[in-house]
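**Student:** First to last, the sequence lines map onto chains A and B.
Every position in the first sequence, counted from 1, becomes a number in our numbering once 335 is added.
Every position in the second sequence, counted from 1, becomes a number in our numbering once 335 is added.
Protein chains: 2
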Amino acid sequence: MAATPPAPNTDTRDRILDAAERLFVEHGFDGTSMRMITGAANANLAAVNYHFGSKDALVQAVFRRRLTALNQRRLAALDRLETDAAGEPLKPSRIVEAFFGNALELAADTEQGGRTFMRLLARTYNEPNAFVRQFLAEEYAEVMDRFLGALFRALPEVPRAEILWRFHFMIGAMAFAIAGLGGLSELIDDLPKDDDPARLLPRLMSFLLGGLRAPLPGAATAPTN
Amino acid sequence: MAATPPAPNTDTRDRILDAAERLFVEHGFDGTSMRMITGAANANLAAVNYHFGSKDALVQAVFRRRLTALNQRRLAALDRLETDAAGEPLKPSRIVEAFFGNALELAADTEQGGRTFMRLLARTYNEPNAFVRQFLAEEYAEVMDRFLGALFRALPEVPRAEILWRFHFMIGAMAFAIAGLGGLSELIDDLPKDDDPARLLPRLMSFLLGGLRAPLPGAATAPTN
DNA sequence: GTATGATTCAAACAAACGTTTGAAAGATAT
DNA sequence: ATATCTTTCAAACGTTTGTTTGAATCATAC
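#1: Using alpha carbons as the reference points, say which of 403(A), 406(A), 534(A) and 347(A) lies closest to residue 383(A).
#2: Could you check whether residue 536(B) and residue 449(B) sit closer than 8 Å to each other, using their CB atoms as the reference points?
#3: Excluding the 5 residues flanking residue 543(A) on each side, which residues of the same chain have their C-beta closer than 8 Å to its C-beta?
#4: Can you give me the Cβ contacts of residue 343(A) inside the same chain, cut-off strictly under 6 Å, excluding the 5 residues immediately before and after it?
#5: Could you name the residues of the same chain whose beta carbon sits closer than 7 Å to that of residue 501(B), not counting the 5 residues immediately before and after it, in chain order?
#6: Below 9 Å between beta carbons is the criterion; list the residues of the region 460-472 of chain A that meet it against any residue of chain B, in chain order.
#7: Cβ closer than 7 Å: which chain B residues qualify as neighbours of residue 506(A)?
#8: Considering just the uninterrupted stretch of the alpha helix (DSSP H) at residue 385(B), what are its terminal residues?
#9: Tell me which residue opens and which closes the alpha helix (DSSP H) that residue 504(A) is part of.
#10: Is the region 390-398 of chain A touching the region 408-423 of chain A in the sense that three or more CB pairs, one from each, lie closer than 8 Å?
#11: Mind checking which residues open and close the alpha helix (DSSP H) that includes residue 364(A)?
#12: Expressed to the nearest angstrom, what Euclidean distance is found between the alpha-carbon atoms of residue 457(B) and residue 399(B)?
#13: Are the C-beta atoms of residue 440(B) and some chain A residue less than 8 Å apart?
#14: Taking its Cβ as the centre, do 16 or more other Cβ atoms sit within 10 Å of residue 381(A), making it buried, or is it exposed?
#15: Quick one: does residue 448(B) have its CB under 8 Å from some CB of chain A?
#16: Is the distance from the Cβ of residue 385(A) to the Cβ of residue 511(B) below 8 Å?
#17: Check for me: the alpha helix (DSSP H) holding residue 395(A) runs from which residue to which?
#18: Can you give me, in chain order, the residues of the region 421-439 of chain B that have a beta carbon less than 9 Å from any beta carbon in chain A?
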């Protein structure tokens, strides 16, 4: 009796997660049916409801499997920066690197499916589905708080609204770049042929830091208020 | 019941377009049903198929109604720049302004629904649906060609791959900023309270130009922060 | 070997989907 | 007023959706 190890048969479960991850990138959440998922995973149609409970719960599981680890690595990197600084103000570039570097590192992994997941995550930033948005917001709450707070302290002379907007811009730039990684962004048909994320990191980072350091708007001319 | 604020007695066709535009932003293409659309438009279920032929054709009509005009304004602005320059090289900042300024101008219009449309367009940059992506790529082909060509000529010393990536980044930054405009980006819960696109333009522009002018990756730099 | 719990399976469920139909209603022109 | 064309309408079409069911299969414990 009892003594049942908490780790059940993970075979079918993992195959479903992998298939769902891949299909969600390709067709979106609403565009991916249970039959597509279980078909691609060589599992029975009822397997998703048995292992996860519902389609929504499967979506959550797909994200949790990798997003939690990514965000913990981000927080750990920020922790390291702050202990190393020992009270001194942090360099904004290091903060940005801690956030986006960890993301691009995961996007560079094509073996374990990190790239697929990051493409899914990047797309989901703009997902309309209310349930998914809500879940993602909760999953990100702490990371946003910590990184925004760090940027506020690192740039005390910059209005917080400006920092918020620029962090917004940076996330958008990264998300769009990653989302189009493996899938060919048809939007710019003349896409750079070398889509190696290892070279994407320095490119994105210098762009982001250039934007972050740009002169504040209205510096020359006074705004309406 | 949800009252339908959109114009009461306009043409059925236009009421459908308005309702679809609004619902597509909120629920996505796959998440918006014909019954939702015709219900919100106070039209019969068969009206969409009668006026547009199919749901896919309706999606195209929603975009064509406003995107064609936007891209023509972009091209006209670029034409004006080039004739004014009379052979002299263009300033990259003017090129960027011609592209993104026209977009943000449309996003600032809350009366005629330009804002709603721009939020939809921004989201659609990351749309998985293959049919929608293909359509959007065709609709953008000429604009991308012209603006990238102009940037190549304006920055002859910068490798084209870098310009391509940075234009990519800029589009991503704009899209993410616009997509979260009316709809509250829950991702950053501490969203800037003033989401007035009229003030977004200078903010975005200085960020974009800062990124565009940033030192190329790999170049030796002396970062100041 | 038999009992017990976990997993798979084919089949069915009601609900929602996009689309089609044919008749009714409205509009327009002669 | 008649004929013609356009638009609306209620109803139904055949599929596909996510989920549930109950029996079959598998693994492990006693």
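We treat Cβ as the ideally placed atom computed from N, Cα and C, and that holds for glycine.
**Tutor:** Taking the definition as stated:
#1: Of the candidates 403(A), 406(A), 534(A) and 347(A), the residue whose Cα lies closest to the Cα of residue 383(A) is 347(A).
#2: no
#3: 431, 435, 505, 508 and 509
#4: Caution applies to residue 343(A), whose pLDDT of 42 falls short of 50 and renders its modelled position unreliable; the value that the coordinates give is listed next. Closer than 6 Å at Cβ, skipping near neighbours: no residue.
#5: 546 and 547
#6: 460, 461, 462, 463, 464, 465, 468, 469, 471 and 472
#7: 511
#8: Residues 382-386.
#9: Taken as a continuous stretch (DSSP letters only), the alpha helix (DSSP H) holding residue 504(A) covers 495-514.
#10: no
#11: Where residue 364(A) is concerned, there is no enclosing alpha helix (DSSP H), given that its DSSP letter is neither H nor E.
#12: If you take the alpha carbons of residue 457(B) and residue 399(B), they lie about 15 Å apart.
#13: no
#14: It counts as exposed.
#15: no
#16: The beta carbons of residue 385(A) and residue 511(B) sit no closer together than 8 Å.
#17: 390-420
#18: none
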